[in-house]
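Contents: one structure, followed by commentary.
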Amino acid sequence: MRIGILGAGQLAQMMAQAAPGLGLECGFLAPEADACAAPYGRHWQASFDDQEAVAELVEWADVITYESENVSLTLVESLSKQLPVYPPVAALQAARDRGEEKQLCRSLGVATADFALINSSSELPGALAKLGCPAILKTCREGYDGKGQVWLRSAEDLPAAVEQADATACVLEAVVPFQREISAIAARSIDGAVSCFSLSENIHREGILRLTINRRNDSQQQQAEQLIGRLMEQLNYVGVLALELFDVAGELRVNEIAPRVHNTGHWTPAGARHSQFEAHLLAVAGRSLPSLDWSNDCAMINIIGALPDQTAIDAITGASLHLYGKSPRPGRKLGHINLIFSPHQSPTQRLDELRKLLILVGEGEIADRLEASWL
Ligand code: AMP
Numbered sequence: 007m008r009i010g011i012l013g014a015g016q017l018a019q020m021m022a023q024a025a026p027g028l029g030l031e032c033g034f035l036a037p038e039a040d041a042c043a044a045p046y047g048r049h050w051q052a053s054f055d056d057q058e059a060v061a062e063l064v065e066w067a068d069v070i071t072y073e074s075e076n077v078s079l080t081l082v083e084s085l086s087k088q089l090p091v092y093p094p095v096a097a098l099q100a101a102r103d104r105g106e107e108k109q110l111c112r113s114l115g116v117a118t119a120d121f122a123l124i125n126s127s128s129e130l131p132g133a134l135a136k137l138g139c140p141a142i143l144k145t146c147r148e149g150y151d152g153k154g155q156v157w158l159r160s161a162e163d164l165p166a167a168v169e170q171a172d173a174t175a176c177v178l179e180a181v182v183p184f185q186r187e188i189s190a191i192a193a194r195s196i197d198g199a200v201s202c203f204s205l206s207e208n209i210h211r212e213g214i215l216r217l218t219i220n221r222r223n224d225s226q227q228q229q230a231e232q233l234i235g236r237l238m239e240q241l242n243y244v245g246v247l248a249l250e251l252f253d254v255a256g257e258l259r260v261n262e263i264a265p266r267v268h269n270t271g272h273w274t275p276a277g278a279r280h281s282q283f284e285a286h287l288l289a290v291a292g293r294s295l296p297s298l299d300w301s302n303d304c305a306m307i308n309i310i311g312a313l314p315d316q317t318a319i320d321a322i323t324g325a326s327l328h329l330y331g332k333s334p335r336p337g338r339k340l341g342h343i344n345l346i347f348s349p350h351q352s353p354t355q356r357l358d359e360l361r362k363l364l365i366l367v368g369e370g371e372i373a374d375r376l377e378a379s380w381l
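Position 130 of the sequence shown, counting from 1, maps to 136 under our numbering, and the rest follow consecutively.
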């Protein structure tokens, strides 16, 4: 079976790497000449509105999926009239717009940060009075890794917020006093079966994910599964869905919905019986879901901006390096390291290994503040 993927970045690449083992084949539509997934399948190097390339993809593929919610909704809608497209259009529509996403959650009784929709800067003072300060103004569309966000802490931040609010539709969010950031990643098959990975606990710096660990038997697992199940059922979802969540004294609030495989699930090839990439492909291909049960405690460390010393990583037992084949550029995700912890290691030994890796990728600040009790 052939899976056409819109986009050809690292998420498409990792799906394509998982595909042959499942008897599946991937092809990509993406404009970049140096798309990192391209070596792993047929690549139509064309823009998303290139009619000829789209027609060829439709001819080639049995089913279409996508690696980003920032793909053209018009294209996905038009494709869905010609062949199956998963996750469904309704999921893409909700997840690509922070306003719609929050309203969907609200309609299902799923908690989020308190928020107000902002269509112009004139609505800012009233919304700020209601939500309080500090607050965060986020663009409804195209924001990721902390982009398109203005933190409003004092009057000095107002000009930037006014400019953003007048340029594009935004949501103003109250700052959530969370204890930790976690994510739930689940897959749903065409026949409606749902399976969820162990929760991921995530550490961000400057709005970008740096470190994730998987949590076996987390106390919030059941609550998170209920939330993700409710959303999946409402959307008649097929494929992998990720929910970024804030844990506020045991109560979960949704920060973001991603209708795709997710960076906080990159540990799954090392720490679960099957990976998120396998789960997504099997679901969209109409097959049954594999077991997503926990298999190892592990951590995933993002490599951002610069490539680390590979020999030093290889010297750490349990560490495996995964590079995407992208050229280094500040802020660019170039790869990740999965670190499998041995069941015989004490928390202090785990922390030692993790710290070494964090320092190798330039995350000394996070290494300094981690404590063994976290592991
Ligand atoms: P986002 O791009 O929405 O995923 O935000 C990036 C990061 O900013 C999140 O992982 C949080 O660390 C932080 N953040 C976003 N929204 C909020 C919020 N409402 N309250 C507190 N922190 C937030």
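Cβ atoms here follow ideal geometry from the backbone N, Cα and C, with glycine treated the same way.
Enumerate in chain order the residues of its own chain whose CB-to-CB distance from residue i is below 8 Å, with the five nearest sequence positions on each side excluded.
i, result
"arginine 221", "Ile188, Ser204, Leu205, Ser206, Glu207, Gln227"
"valine 254", "Val182, Pro183, Phe184, Gln185"
"cysteine 139", "Leu158, Arg159, Ser160"
"glutamate 75", "Leu98, Ala101, Arg102, Ala264, Pro265, Arg266"
"methionine 238", "Ala192, Arg194, Val200, Leu247"
"glutamate 212", "Gly152"
Which residue from the options puts its Cα closest to that of residue i?
i, options, result
"leucine 134", "Pro94, Lys108, Ala180", "Ala180"
"serine 186", "Leu217, Asp172, Val156", "A quick correction: the sequence has arginine, not serine, at residue 186. If we check each option's Cα against that of arginine 186, Leu217 comes out closest."
"histidine 272", "Leu329, Gly292, Ser201, Gln99", "Leu329"
"glutamine 155", "Ile214, Phe184, Ser201", "Ile214"
"histidine 210", "Val254, Cys202, Ala199, Thr270", "Thr270"
"isoleucine 309", "Arg293, Pro334, Trp300, Pro296", "Pro334"
"aspartate 428", "Ser379, Arg48, Ser301, Tyr243", "Shown here, the chain extends from 7 to 381; a query on residue 428 therefore has no answer."
"alanine 2", "Arg356, Glu371, Leu363", "With the chain represented from 7 up to 381, any question about residue 2 goes unanswered, as that position is not in the structure."
"glutamine 88", "Glu73, Leu110, Glu65, Asp374", "Glu65"
"lysine 362", "Leu340, Ile307, Pro336, Lys339", "Ile307"
"glutamate 262", "Gly368, Thr354, Gly47, Cys146", "Cys146"
"serine 225", "Glu212, Glu257, Leu249", "Glu257"
"serine 127", "Ala175, Pro45, Tyr46", "Ala175"
"threonine 274", "Arg8, Met7, Gly13, Met20", "Met20"
"aspartate 163", "Glu148, Asp374, Asp56, Ala141", "Ala141"
"tyrosine 150", "Pro37, Arg8, His268", "His268"
"leucine 110", "Leu233, Glu148, Asp320", "Leu233"
"proline 37", "Asp56, Pro45, Tyr46", "Asp56"
"proline 354", "Gly370, Leu376, Met7", "It should be pointed out that residue 354 corresponds to threonine in this sequence rather than to proline. Among Gly370, Leu376, Met7, the Cα nearest to that of threonine 354 is on Leu376."
Using a Cβ-Cβ cut-off of 6 Å (strictly less than) and excluding sequence neighbours within five positions of residue i, which residues of its own chain qualify?
i, result
"phenylalanine 121", "Lys108, Val177, Glu179"
"leucine 85", "Ile70, Val91"
"alanine 193", "Ser201, Val246, Ala285, Ala289, Leu295"
"phenylalanine 54", "Ser78, Leu81"
"aspartate 303", "Phe347"
"glycine 341", "Ile309, His328, Leu329, Tyr330"
"proline 336", "Gly311"
"glutamate 231", "Cys202"
"leucine 12", "Leu35, Tyr72, Val77"
Which residues bound the beta strand (DSSP E) around residue i?
i, result
"threonine 118", "Per DSSP, threonine 118 belongs to no beta strand (DSSP E) and is neither H nor E."
"aspartate 253", "245–254"
"methionine 306", "304–310"
"glutamate 187", "186–194"
Suppose contacts are defined by Cβ-Cβ distances below 8 Å. Is residue i in contact with residue j by that definition?
i, j, result
"proline 93", "leucine 247", "yes"
"lysine 144", "arginine 104", "yes"
"leucine 298", "alanine 312", "no"
"glycine 15", "leucine 35", "no"
"histidine 286", "glycine 235", "no"
"glutamine 229", "leucine 114", "no"
"alanine 52", "alanine 59", "yes"
"leucine 366", "proline 314", "yes"
"alanine 67", "alanine 43", "no"
"alanine 264", "alanine 101", "yes"
"asparagine 223", "alanine 276", "no"
"leucine 30", "alanine 291", "yes"
"leucine 130", "alanine 167", "yes"
"isoleucine 372", "leucine 381", "no"
"alanine 173", "isoleucine 124", "no"
"alanine 18", "glutamate 73", "yes"
"glycine 27", "arginine 48", "no"
"leucine 249", "alanine 318", "no"
"alanine 305", "isoleucine 219", "yes"
Excluding five sequence neighbours on each side, which residues of the same chain lie with their C-beta closer than 7 Å to the C-beta of residue i?
i, result
"arginine 259", "Ala117, Thr118, Ala119, Val182, Leu251, Phe252"
"glutamine 24", "First, the residue type needs correcting, since residue 24 is alanine and not glutamine in the sequence shown. Excluding sequence neighbours, alanine 24 sits near Ser281, Phe283, Glu284, Leu287."
"lysine 332", "Cys42, Arg338, Leu340"
"alanine 39", "Gln51"
Alpha helix (DSSP H) containing residue i: first to last residue?
i, result
"arginine 356", "353–366"
"serine 86", "79–86"
"glutamate 179", "Premise fails: glutamate 179 lies in the beta strand (DSSP E), 176–180, not in any alpha helix (DSSP H)."
"serine 113", "104–113"
"alanine 18", "16–24"
"lysine 136", "130–137"
"threonine 317", "316–320"
"glutamine 51", "Element bounds for glutamine 51: not the alpha helix (DSSP H) but the beta strand (DSSP E), 48–51."
"threonine 274", "274–277"
Would you check whether ligand 2 has a heavy atom nearer than 7 Å to the C-beta of residue i?
i, result
"lysine 332", "Among the ligands present in this structure, namely ligand 1, ligand 2 is not found."
For this session: Please determine if the region 321–333 and the region 344–361 are in contact, where contact requires at least 3 C-beta pairs separated by less than 8 Å.
Result: Verdict: yes, contact present.
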